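Student: Handing you a structure now.
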Amino acid sequence: RGRMEEAFQEMQHNGDGKLQVEGEPIYEGKITWSAVRNLLRTRTVLLILLQGIPGSLPWGIFGGFLSDFLAEEKNIDLRLTGTVLLIFGIGNVIGNIVSG
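Counting in my numbering, the sequence shown runs from 180 upward without gaps.
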């Protein structure tokens with residue numbers, strides 16, 4: 180497999196060990212801090228990055244931690260912590276249905 184698959188048939192290794200499509204130039208661009216700063220000055224790029232932050236949180240751990248935190252640190256009855264998590268779960272379902 181690997182290099183024998185159809186998608187890789189027209190690719191070949193050049194002298195640097197990089198895969199190259201025959202007749203296509205190799206991208207030689209470098210990422211620099213000045214290029215990153217310029218990207219972050221663009222409002223659209225900044226908005227895309229900021230909207231991705233909530234999606235990268237481990238939401239599955241949040242439920243377990245919240246229940247434990249409320250029970251251990253705030254001395255709330257476990258049945259009530261379950262109700263709090265149920266409210267979060269209902270909000271999650273509604274949010275998924277509304278947002279698509």
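Note that CB positions come from ideal geometry on N, CA and C, so glycine has one too.
Since the structure is predicted, the reported quantities are computational estimates derived from the model, not experimental observations.
For a test of the three-state rule: what should DSSP assign to residue 229, helix, strand or coil?
Tutor: The answer is helix: DSSP assigns residue 229 an H, G or I state.
Student: Hey, how far is the Cα of residue 254 from the Cα of residue 233?
Tutor: C-alpha separation (whole angstroms): 28 Å.
Student: For a quick check, are the C-beta atoms of residue 242 and residue 264 less than 7 Å apart?
Tutor: Yes, these two residues count as a Cβ contact at 7 Å.
Student: Determine whether the beta carbon atoms of residue 225 and residue 219 lie at a separation below 7 Å.
Tutor: Yes, Cβ-Cβ distance for residue 225 and residue 219 is below 7 Å.
Student: Considering just the uninterrupted stretch of the alpha helix (DSSP H) at residue 216, what are its terminal residues?
Tutor: 212-219 is the extent of the alpha helix (DSSP H) around residue 216.
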